[in-house]
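Asks: In the numbering used here, the protein residues as written are 636 to 847.
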């Protein structure tokens, strides 16, 4: 990692000392796919809730990456190892295969440089785990038919204050992954903490993908 990058790094505390955060549906799936003791990069880590969970439950090492000042401060206060960076600038400061797993959880839709970050996460991680909200979920489709932008658990913002700059369906994500050279090795589609197998692009509100 280049010394020229301006970063803010907090040394991790003992997992028992780190504050626990609220749970999110995709976090359990992500944690279940990460090997015990893996070296992990959590991109767009927010307030560090997932990072804390992985340290506590999976004994991982690694970093979170977050650009929001308040979220970085929260991570630092929790003793979580966090780097303050904007994902839009890429991950050039990390070498190839620097991490066992690179995670991007409900963040891809808020990134402008979508294709670049997809290529980068499979470059720096031996595998990547990405979770995305599904704009093709039937309730979202119904909202659009009624003339409104959807607001839901996975898309919780109004159109005028959302940080999201992209909308995508599960099929859209899989096509993008193929087009940028990523191979999807595993997928789970979810709604209300339940796995969706029948008509997943219609009945699932979010999905978690594992890629290489």
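C-beta atoms are modelled at their ideal positions from N, C-alpha and C, and glycine is treated no differently.
According to DSSP, residue 701 sits in a beta bridge with which residue or residues?
Replies: Counting from one through the chain shown, the residue named residue 701 turns up at place 66. Note: residue 701 sits in a beta bridge opposite 719.
Asks: Do residue 735 and residue 674 count as a contact pair if the criterion is CB distance below 9 angstroms?
Replies: Counting from 1 along the chain shown, the entry for residue 674 is found at position 39. Counting from 1 along the chain shown, the entry for residue 735 is found at position 100. In contact: residue 674 and residue 735 (Cβ atoms closer than 9 angstroms).
Asks: Among 690, 681, 820, whose alpha-carbon lies nearest the alpha-carbon of residue 708?
Replies: For the purposes of this step, residue 708 is taken as residue 73 along the chain shown, with counting starting at 1. The option with the nearest alpha carbon to residue 708 is 681.
Asks: With three or more C-beta pairs closer than 8 angstroms as the rule, is the region 814–823 touching the region 753–761?
Replies: yes
Asks: How far does the beta strand (DSSP E) with residue 826 in it extend, from its first residue to its last?
Replies: Within the chain shown, numbered from 1, the residue matching residue 826 stands at position 191. Residue 826 -> beta strand (DSSP E) spans 819–826.
Asks: Which two residues bound the contiguous beta strand (DSSP E) that contains residue 834?
Replies: Locating residue 834 in the chain shown gives position 199, where the first residue counts as 1. Unbroken run through residue 834: none, as it is neither H nor E.
Asks: Under the rule that 16 or more other beta-carbon atoms within 10 Å means buried, what is residue 657, buried or exposed?
Replies: The residue you call residue 657 lines up with position 22 of the chain shown. Here residue 657 scores only 41 on pLDDT, less than 50, and its place in the model should not be relied on; the value that follows carries that caveat. With fewer than 16 other Cβ atoms within 10 Å, it is exposed.
Asks: Could you name the residues of the same chain whose beta carbon sits closer than 7 angstroms to that of residue 671, not counting the 5 residues immediately before and after it, in chain order?
Replies: Here residue 671 refers to the residue found at position 36 of the chain shown. Closer than 7 angstroms at Cβ, skipping near neighbours: 693, 694.
Asks: Kindly provide the ranges of any beta strand (DSSP E) runs that are 3 or more residues long and lie completely inside the region 732–766, ordered along the chain.
Replies: Counting only runs that start and end inside the region 732–766, the beta strand (DSSP E) elements of at least 3 residues fall at 734–740.
Asks: Using the three-state DSSP reduction, which class does residue 770 fall into: helix, strand or coil?
Replies: As a first step, residue 770 is located in the chain shown; it is residue number 135 there, counting from the start. It is coil, neither helix nor strand.
Asks: Which value, in whole angstroms, describes the spacing of the CA atoms of residue 771 and residue 778?
Replies: On the chain shown, residue 771 is found 136 positions in, with the first residue counted as 1. On the chain shown, residue 778 is found 143 positions in, with the first residue counted as 1. Rounded to whole angstroms, the gap between the alpha carbons of residue 771 and residue 778 is 11 angstroms.
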